[in-house]
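Numbering (our numbering), first residue to last: 57 to 424.
Structure, as structure tokens:
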Ligand code: OSB
Ligand code: MG
């Protein structure tokens with residue numbers, strides 16, 4: 057697979073309403089797209105670190121620049137036959153997982169297209185439909201939240217994730233638990249807390265949350281192990297797991313009982329699969345997270361969610377939940393209550409809609 061052309065795009069995708077989390081209120085999602093070509097066949101990749109370095113230290117403008125000035129020149133005109141070879145080529149760049157993920161996804165799309173197989177089958181997926189959950193940002197009132205949860209329960213969603221931040225905490229969880237005693241639910245703190253909040257986390261134990269996602273610092277493993285030892289509710293790490301090495305250390309330290317795998321955050325599909333396989337061997341269950349990607353990035357998440365150690369409904373959403381029109385085609389649709397079908401086409405299963413791409417592009421580069 058000789059890579060002969062590379063296109064890089066930084067795009068801004070307007071949301072239908074702002075997404076409110078512990079790290080900010082966003083009305084537009086900035087994402088980075090990569091198109092690689094080999095002999096006329098193209099592969100699409102996407103990764104979405106967002107506009108500001110508020111979820112992690114990465115951000116879209118920097119990822120774009122890194123892809124254009126360092127990563128694309130490293131990959132250009134190379135004959136890359138295996139995912140390990142791509143990792144090897146990129147190994148001289150430290151960190152910058154989101155930027156690396158965009159090219160990794162494009163490589164996997166192209167690779168599975170050449171094999172004429174869906175990506176999820178190439179990866180060894182064991183189911184053709186994946187379970188997905190409903191997810192709620194911080195809202196203007198508890199009543200509004202309860203009303204919205206009720207709608208998703210009626211629509212058949214099997215679990216609910218609630219964004220959690222100072223000012224939207226125990227009272228919120230207790231109201232939801234009172235209204236829905238049997239609901240499978242968890243909270244996502246997006247690293248808004250420290251060990252000085254242990255008493256608050258202990259109080260959450262009685263609400264039987266299935267897990268608490270990323271309570272402490274975005275790059276911490278040690279304090280999470282301390283917290284995990286003091287509370288009954290399982291901890292799930294998201295932000296802290298940026299590599300297979302971090303996953304190994306988290307398991308060794310007992311920092312978490314679950315791992316949320318996001319292909320962007322860990323540098324792509326090869327690393328995501330490696331983390332999945334490692335956790336499977338260690339008996340640590342996983343699920344797949346997302347960054348509100350277009351259907352290109354979401355399709356990679358769907359492929360990963362077909363793997364056997366994905367044991368909780370994933371954060372993969374139908375396009376219409378966040379966007380009026382998807383940047384990718386086809387858009388993501390539910391195939392049934394709380395479920396999305398893995399596509400039966402070769403590759404990742406989505407590509408950019410050229411007119412949407414043109415509309416949303418902030419900057420673009422072409423190599424050579
Ligand atoms: O922490 O999981 C997160 C979205 C963007 C950035 C970070 C996160 C999220 C989500 C995804 O929570 C949920 C969703 O896709 O609605
Ligand atoms: Mg999270």
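We put the beta carbon where it would ideally sit given N, CA and C, even for glycine.
Point to revise | Distance CB(residue 120)-CB(residue 64) smaller than 8 Å | key: Going by C-beta atoms, residue 120 is nearer than 8 Å to residue 64.
Check your understanding: Going straight from the alpha carbon of residue 413 to that of residue 88, what length do you get?
Key -> 11 Å
**Study point:** residue 367 in three-state terms, based on DSSP
**Key:** DSSP, read as helix, strand or coil, puts residue 367 in coil.
Point to revise | Extent of the continuous beta strand (DSSP E) to which residue 67 belongs | key: 61 to 77
Check your understanding: Can you tell me whether DSSP reads residue 217 as helix, strand or coil?
Key -> strand
Point to revise | Where residue 353 falls: helix, strand or coil (DSSP) | key: helix
Check your understanding: If we call anything under 8 Å between Cβ atoms a contact, is residue 131 one with residue 145?
Key -> yes
Point to revise | Coarse secondary structure for residue 341, derived from DSSP in three states | key: coil
Exercise for review: Using 10 angstroms around the beta-carbon of residue 182, count the other beta-carbons present and answer buried if the total reaches 16, otherwise exposed.
Suggested key: Exposed, since its Cβ has fewer than 16 Cβ neighbours within 10 Å.
Check your understanding: If you check the beta carbons only, do residue 384 and residue 409 fall under 8 Å apart?
Key -> yes
Review point. Under 7 Å from any heavy atom of the ligand OSB, does the C-beta of residue 348 make it?
Key: yes
Exercise for review: Might you give, ordered along the chain, the residues of its own chain that have their beta carbon closer than 8 Å to the beta carbon of residue 226, omitting 5 neighbours on each side?
Suggested key: 256, 259, 260
Check your understanding: By Cβ distance, which residues of its chain are closer than 6 Å to residue 157, with the 5 residues on each side in sequence left out?
Key -> 103, 319, 320, 323, 324
**Study point:** CB contact flag (residue 125, residue 326, <8 Å)
**Key:** no
Practice item. Helix, strand or coil for residue 188, going by three-state DSSP, please let me know. Key: strand
Exercise for review: Please classify residue 242: does DSSP put it in a helix, a strand, or coil?
Suggested key: strand
Review point. Near residue 169, which residues of its chain fall below 7 Å by C-beta distance, leaving aside the five closest residues on each side in sequence?
Key: In chain order, 97, 99, 402, 403 place their CB closer than 7 Å to the CB of residue 169, counting only its own chain and leaving out the 5 sequence neighbours on each side.
Review point. Heavy atom of the ligand MG less than 7 Å from the Cβ of residue 206, yes or no?
Key: Checking the Cβ of residue 206 against the ligand MG gives no.
Practice item. Using the Cα positions of residue 203 and residue 424, report the straight-line distance between them to the nearest angstrom. Key: 53 Å
Point to revise | Cβ separation of residue 369 and residue 390, assumed to be a contact under 8 Å, to the nearest whole Å | key: That pair is no contact at about 12 Å.
Review point. Sorted by chain position, which residues of the same chain lie with C-beta nearer than 6 Å to residue 84's C-beta, five sequence neighbours on each side aside?
Key: Once the five neighbours on either side are set aside, the close Cβ partners of residue 84 are 68, 70.
**Study point:** Local conformation of residue 335 per DSSP, three classes
**Key:** helix
Practice item. Taking 8 Å as the cut-off, decide whether the C-beta atoms of residue 296 and residue 277 are in contact. Key: yes
**Study point:** Residue range of the alpha helix (DSSP H) that includes residue 306
**Key:** 300 to 309
Check your understanding: What residues in its chain sit with their C-beta under 7 Å from that of residue 93, if we drop five residues either side in the sequence?
Key -> 60, 61
Point to revise | Reduced DSSP secondary structure (H/G/I, E/B, other) of residue 296 | key: coil
**Study point:** Supposed contact pair residue 253 and residue 269 - C-beta distance, whole angstroms, cut 8 Å
**Key:** 15 Å between Cβ atoms; not a contact.
Point to revise | Exposed unless 16 or more other CB atoms sit within 10 angstroms - verdict on residue 72 | key: Burial check for residue 72: the Cβ neighbour count within 10 Å stays below 16, so the residue is exposed.
Review point. Contact between the segment 283 to 301 and the segment 232 to 250: three or more CB pairs below 8 Å?
Key: yes
Review point. Taking DSSP as the reference, what is the three-state secondary structure of residue 234?
Key: helix
Check your understanding: Tell me which same chain residues have a C-beta within less than 6 Å of the C-beta of residue 76, skipping the five on either side of it?
Key -> 193, 194
Point to revise | Supposed contact pair residue 360 and residue 330 - C-beta distance, whole angstroms, cut 8 Å | key: The C-beta distance from residue 330 to residue 360 rounds to 11 Å, too long to fall under 8 Å, and the pair is not in contact.
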